[in-house]
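Line order of the protein sequences matches chains A and B. Going by my numbering, the first sequence runs without a break in its numbering and finishes at 604. Going by my numbering, the second sequence runs without a break in its numbering and finishes at 1208. Glycine included, every Cβ here is placed at the ideal spot set by N, Cα and C. Keep in mind that this is a model prediction, so the values were computed, not measured. Here's the structure we're looking at; comments come further down.
2 protein chains.
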Amino acid sequence: MKIHVLLYADGGSASLEAEAGITIRELFAQSQVGFDAPCGGNGRCGKCRLYAAGALSEPEERERSFLTEGELRSGMRLACYARLLGDCELRLPEENASIETSGRSEAYDFEPTVTVGEATLTIPTLKNPLDDRGNLLSAAKAADASYAALKKLPALTRAGKWSLFYVKDGETVLDVCPEKPKAAGMAVDIGTTTVVAYFYDLETGRLLGIESGLNEQKGFGADVISRIAACIDMPEGLRALQEAIIGQLNGFVQSFCRKSGFKRGNLYQATIAGNTTMQHIAAGLSPANIASAPFIPCSLFGFTLGAEQIGLELAQAAQVYFSPCLSSYVGGDITAGMLACGLDRMKDTCLYIDIGTNGEMALRHGGEIVCCSTAAGPAFEGAHIKYGTGGVWGAISGVRADTMRADAMRNGAVQIDFETIGGVPPIGLCGSGLIDALAVMKRLGVIDETGRITDPDELEDASLAPRLTEIDGEPAFVIDPESGICITQKDVREVQLAKAAIAAGITCLIKEAGIRVSDVQSLLLAGGFGSHINGASACEIGLLPPELEPKIRAVGNAAGMGASQTLLASGSYQRLTELVACCSYVELSGYPYFQEQYIEQMMF
Amino acid sequence: MKIHVLLYADGGSASLEAEAGITIRELFAQSQVGFDAPCGGNGRCGKCRLYAAGALSEPEERERSFLTEGELRSGMRLACYARLLGDCELRLPEENASIETSGRSEAYDFEPTVTVGEATLTIPTLKNPLDDRGNLLSAAKAADASYAALKKLPALTRAGKWSLFYVKDGETVLDVCPEKPKAAGMAVDIGTTTVVAYFYDLETGRLLGIESGLNEQKGFGADVISRIAACIDMPEGLRALQEAIIGQLNGFVQSFCRKSGFKRGNLYQATIAGNTTMQHIAAGLSPANIASAPFIPCSLFGFTLGAEQIGLELAQAAQVYFSPCLSSYVGGDITAGMLACGLDRMKDTCLYIDIGTNGEMALRHGGEIVCCSTAAGPAFEGAHIKYGTGGVWGAISGVRADTMRADAMRNGAVQIDFETIGGVPPIGLCGSGLIDALAVMKRLGVIDETGRITDPDELEDASLAPRLTEIDGEPAFVIDPESGICITQKDVREVQLAKAAIAAGITCLIKEAGIRVSDVQSLLLAGGFGSHINGASACEIGLLPPELEPKIRAVGNAAGMGASQTLLASGSYQRLTELVACCSYVELSGYPYFQEQYIEQMMF
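Written as structure tokens, this is what we have:
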């Protein structure tokens, strides 16, 4: 039997085909996917870790011995052991991300608010004529029952001889069933660019599947400002944008159900983490006043709405929790990410940064958290860059010069190497490749401190001269002579603006907290881009403070992990509420020091 | 300008026409409606009280001086003073009912859970970027806002320069409006036979209108058992019956809105009191197991559902409260009625009876309430009685023999008089007329102790002989020789069964409470039938214990008044919960003493 495997790696994805029954390692060998196992694939080291969801063999004792309960729950498997039984999805962790994930999944107990139980009701008699609802509430130790459950109850109690299964959300019975129901939940990270939904078994905590795609609102504009404009300018604009994202999530649900055998009626809860605008649109609330000063959201969320109210097709009585936002530009994705990273319980001084179109950041110091958001622009996401691209198969994700400059000069020529996602021929540069390229250009003297690409005759290393060219009348530096992929002067300027905004934001938070850069004990980089960035390069170009380079840790899709934690750990609503209470927001657009720093940080 | 006036009196109703501008007294004089005012219509006695809703003059100081605040709120007016300005509805109180109503309306403070307020929001700035929702909640001192309110909020705050009106239900903002909204509520009494909706202004507590009609479910059967059968037997039966009653209530809302100028969006709350089956069907919950032993309801209610959930077309976020039931056959109409009569706060030993198809009764004694329900059958509602009819225009509602039996014999002939609702020619007998007729027949020796109609030659008073006849081969006694309206032997048997059930139920409650009949200090008769019954006749035929005759008090539509109180007094939910907690239910079908008493009480 041929099966289909969707592989996520290095920020991109690929479809692979295989015969059912082989191990993941065998699949990778057949498909020439590079994946190291220190023991050579003998199943002895437990290092060939990855995340897997779908039709896989159950982990056996040997495999279990290498993994913690938390890791097993998060879907982590060993490639040597796990066998592919049907369609599934695999996600390669990078070294850092994998450490972070396992650390995080051990940090909270699996204790979802949604629980499944069996109730044996009292058989009512003339002398004890208990009503069905009261009978259920007392057997299920619940305080209330949903309307959907009440409608099913009378027939069910009698058919099941007064024994039935129930699904509770906290104190409320959501559903009653004759057979033990599967219960799953959906944790959603709605990014402006991409949307990811994680589906979990709410009885075991296991990851059942991941669905993702580009945000279907993309036709309405690439960034939040153009999406808000579409809500304002188009008749029924908000409704159209809401239908786009909710329709996409409903599609994810359908796709997950098709693959997993779950039904939408088995999905009893959803949690959503997104930036403030994305949460407004998903909830059907107007984001109109987010776009212009004084940047006022309709709501900061931190509450649930009925899935039915927003058109999400889950179980009838399912509730959808929206992560709390801090302001119009520090949203539920950031609070969820902070939760996932445990910023609320951290004693260290810690800087958390999510770099995308906006750079949102939070600095935890001495029990308080200060936050801000800077408009970095979409350069790091590949927009407005000549050869820019997202993190897709074929994107150049890393660039390096083979030697230090001194060596290169000794040997006569500098070799510039690059790698692409999936190892296929290059089609463009994604954010991490762009930063690497700029760092290389700076080290090689191709750009000066002001960001100007030097004339060929100014080059210290003449062997680079053939790489200097002109595109549309402006200087450019060729990264790959074969494909012609290059960095233009304008690209350099875009990166300068973006990195200055983020660097200035960091400086402002440091100042607000009354500390020095060197006091920061860890720097967490969240989001797809933050996970792939080369820390040394980011420090080289001044995007991040150089003295924090050894303290950088990528935390992957922290927003998605936070949404997952909110689904899987019942104390999360409370923790998020407390986290928000210790946050203060600094609005940089009214902050003179930011302007000053912005200009200063423009230099390389 | 011609206006239309709907007049409810003596359990029936009539349409009258008049010129706008005249007083109610002038209308009654023109239309020959009998209505006493001891002062002869000079506006000096304040006795010409009635309930009025619709387009009427505002009460002036003189009129106000005769009425309490509670009475004014309940819609009470004086016929001498109130002028008809447009279409309206009038309801003549009977002497007893009017006393009870005014007593009751003084017994609770007008303090609805739904309130209207004006909020001045803080103008948000860059330094204080309050989200709209948080801004509203803090200005309106609320804990939550409905989804409907959130959707309107962003546009409204800016259009209204940060000042707006809100409608709260308890701690939740239901709605926000640019102008001060009208706020009304609907209190509904859903009877198996009739449905009445009272519309109140939630700002002043004033009765704005009453809509009523025969229950639209009548096509599915006359009693709760046949309605339940329809729910079980027909495909989508429950849905059809729910649509019938909810459609009827939506029609009431439309009719009320048309007359009053309110919109459905101004109706922010509803309360429903009905028997257990009627509440199930209105809520869309299966009543299937109410019909057969052990008589188990799906729910005993005492909670709210969203108006939208049950299809009721009120304001978007409006909640509908269902009165708590005690059992399958002691429903929310009884608890609401007990609330209206203050049974929960009463120190006296008090018997509360609602006679309809079922006789539901409750006995308050020493802080406890014992309740039961007996299947009286529909005789008192006119069904299964040869010339039976409901309380409509032309129904014989009272029958009396002009003299005591001894006098009659002295004078040679007994004159039998009757009165009809509206004073028009008779069309049949309603419940109160039926009981009077039986009492007269018993007094005149037309029926013996066993209920047998005597042979003409056995009559003590020969002048009655012409009234004895045969219908379809069974003996009958003619009440009105002109129309031929009579009581058949079978009618007598129907009444015997009905009265025996109720009398036996009373005996059981008395026994349960461990008291004697003479300990009962008041006997409250609720419901349309209970209000029109002649207490002496009811005692004469043994429907009610003769020694309680002087303690009988009719309390009118107590269920409707209880639903109204639930709408108008915010403490009512709590009071109903406490009331239910001190009630115990006696299931008579498993109670041998009841069988014994049932047979014993069959005799006249």
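*Out of curiosity, what's the CA-to-CA distance linking residue 1097 (chain B) and residue 1055 (chain B)?*
In this structure, the straight-line span from the alpha carbon of residue 1097 (chain B) to that of residue 1055 (chain B) is close to 7 Å.
*chain A contacts from the region 718-730 of chain B (Cβ-Cβ distance under 8 Å)*: The region 718-730 of chain B vs chain A, Cβ under 8 Å: 728, 729 and 730.
*Look at the alpha carbon of residue 95 (chain A) and the alpha carbon of residue 265 (chain A), and state the distance between them as a whole number of angstroms.*
Low per-residue confidence applies at residue 95 (chain A): pLDDT is 38, beneath 50, and the placement is therefore not dependable, though the value from the model is reported in the following sentence. Roughly 37 Å separates the two Cα atoms.
*asked:* So residue 21 (chain A) contacts chain B; which residues on that side make the cut at Cβ distance below 8 Å?
replied: Listed by position along chain B, the residues whose Cβ is nearer than 8 Å to that of residue 21 (chain A) form an empty set, because the closest Cβ is around 49 Å away.
*Please go through the same chain and pick out, in chain order, the residues whose beta-carbon is closer than 7 Å to the beta-carbon of residue 1060 (chain B), but skip the five residues on each side of it.*
Cβ within range, chain order: 1069 and 1072.
*Taking Cβ-Cβ distances below 9 Å as the criterion, which residues of the region 1079-1105 of chain B are in contact with chain A?*
Here the close residues number zero.
_Given this structure, state the Cα-to-Cα distance separating residue 1058 (chain B) from residue 988 (chain B), to the nearest angstrom._
C-alpha separation (whole angstroms): 22 Å.
*Check whether the region 165-172 of chain A touches the region 113-125 of chain A, counting contact only when three or more Cβ pairs, one atom from each stretch, lie closer than 8 Å.*
Flag = yes, the region 165-172 of chain A and the region 113-125 of chain A touch.
*Exposed or buried, which one is residue 177 (chain A) when buried takes at least 16 other CB atoms within 10 Å?*
Burial check for residue 177 (chain A): the Cβ neighbour count within 10 Å reaches 16 or more, so the residue is buried.
_Please tell me whether residue 964 (chain B) has its Cβ less than 8 Å away from any Cβ of chain A._
Cβ-Cβ to chain A under 8 Å: no for residue 964 (chain B).
*Could you tell me the boundaries of the beta strand (DSSP E) in which residue 115 (chain A) lies?*
Start and end: 114-120.
*Whole-angstrom distance between residue 727 (chain B) and residue 767 (chain B), CA atom to CA atom*: Taking the Cα positions, residue 767 (chain B) is about 10 Å away from residue 727 (chain B).
*Quick one: is residue 745 (chain B) near chain E, going by C-beta distance under 8 Å?*
Any reference to chain E falls outside this structure, whose protein chains are A and B.
*Do you know how far the Cα of residue 922 (chain B) is from the Cα of residue 872 (chain B)?*
The straight-line gap from Cα to Cα measures roughly 5 Å.
*Shorter than 8 Å from the beta carbon of residue 975 (chain B) to some beta carbon of chain A?*
Chain A contact via Cβ: absent.
*Just by C-beta distance, which residues in the region 810-821 of chain B are closer than 9 Å to chain A?*
Answer in chain order: no residues at all.
*Check the Cβ of residue 757 (chain B) against every Cβ in chain A and list those closer than 7 Å, keeping chain order.*
Within chain A, the residues near residue 757 (chain B) are 298.
*Would you check whether the ligand MN has a heavy atom nearer than 7 Å to the C-beta of residue 639 (chain B)?*
No copy of the ligand MN appears in this structure; indeed no ligand is present at all.
_Option nearest residue 53 (chain A) by Cα separation, candidates A:379, A:225, A:246 and A:257_ = The residue with the shortest Cα to Cα distance from residue 53 (chain A) is A:257.
*CB contact below 8 Å: residue 431 (chain A) versus chain B*: Output row for residue 431 (chain A): interface = no.
_Own chain, CB closer than 8 Å to residue 448 (chain A), minus 5 neighbours either side, in chain order_ = In chain order, 454 and 604 place their CB closer than 8 Å to the CB of residue 448 (chain A), counting only its own chain and leaving out the 5 sequence neighbours on each side.
*Run the CB neighbour count on residue 120 (chain A), radius 10 Å, all protein chains shown included, and call it buried at 16 or more, exposed below.*
Residue 120 (chain A) should be labelled exposed.
*Would you mind telling me which residues of chain A sit closer than 7 Å to residue 754 (chain B), beta carbon to beta carbon, in chain order?*
Chain A residues near residue 754 (chain B): 285, 298 and 299.
*Given a limit of 8 Å on CB to CB distance, which residues of the region 582-595 of chain A reach chain B?*
So the list reads 585, 587, 589 and 590, given in the order they occur along the chain.
*Could you list which residues in chain B have their beta carbon closer than 8 Å to that of residue 288 (chain A), in chain order?*
Simply 758 and 759.
*Report the option in A:253, A:228 and A:308 whose CA atom is closest to the CA atom of residue 281 (chain A).*
Comparing C-alpha distances from residue 281 (chain A) to each of A:253, A:228 and A:308 shows the shortest one belongs to A:228.
*Pick out the complete alpha helix (DSSP H) segments inside the region 322-382 of chain A, 4 residues or longer, and give them in chain order.*
Taken in chain order, the whole alpha helix (DSSP H) runs of length 4 or more contained in the region 322-382 of chain A are 332-340.
_Candidates B:806, B:864, B:887 and B:814: closest to residue 845 (chain B) by CA position_ = The shortest Cα separation from residue 845 (chain B) among B:806, B:864, B:887 and B:814 belongs to B:887.
*Reduced DSSP category for residue 583 (chain A) - H, G, I as helix; E, B as strand; rest coil*: Residue 583 (chain A) falls in the strand class under three-state DSSP.
*Please report the Cβ distance between residue 88 (chain A) and residue 56 (chain A), rounded to the nearest whole angstrom; I am assuming they are in contact, meaning their Cβ atoms lie under 8 Å.*
So it is a contact: roughly 6 Å between Cβ atoms.
*Do you know how far the Cα of residue 205 (chain A) is from the Cα of residue 181 (chain A)?*
Going from the Cα of residue 181 (chain A) to the Cα of residue 205 (chain A) covers about 15 Å.
*asked:* Three Cβ pairs or more, each shorter than 8 Å: is that satisfied between the region 336-347 of chain A and the region 294-314 of chain A?
replied: No: fewer than three Cβ pairs fall under 8 Å.
*At least 3 beta-carbon pairs within less than 8 Å: the region 581-599 of chain A vs the region 365-372 of chain A*: Flag = yes, the region 581-599 of chain A and the region 365-372 of chain A touch.
*Cβ neighbours of residue 326 (chain A) in the same chain (closer than 6 Å, five flanking residues each side left out)*: Cβ-Cβ distances below 6 Å link residue 326 (chain A) to 371, 583 and 585 in the same chain, with the five nearest sequence neighbours on each side left out; the list follows chain order.
*With distances taken from CA atoms, which of B:1130, B:823 and B:1077 is nearest residue 962 (chain B)?*
Of B:1130, B:823 and B:1077, the residue nearest in Cα terms is B:1130.
*Any residues in the region 922-939 of chain B with a beta carbon nearer than 9 Å to a beta carbon of chain A? Which ones, in chain order?*
For chain A, the residues of the region 922-939 of chain B that bring a beta carbon within less than 9 Å of one of its beta carbons are 929, 931 and 932, in chain order.
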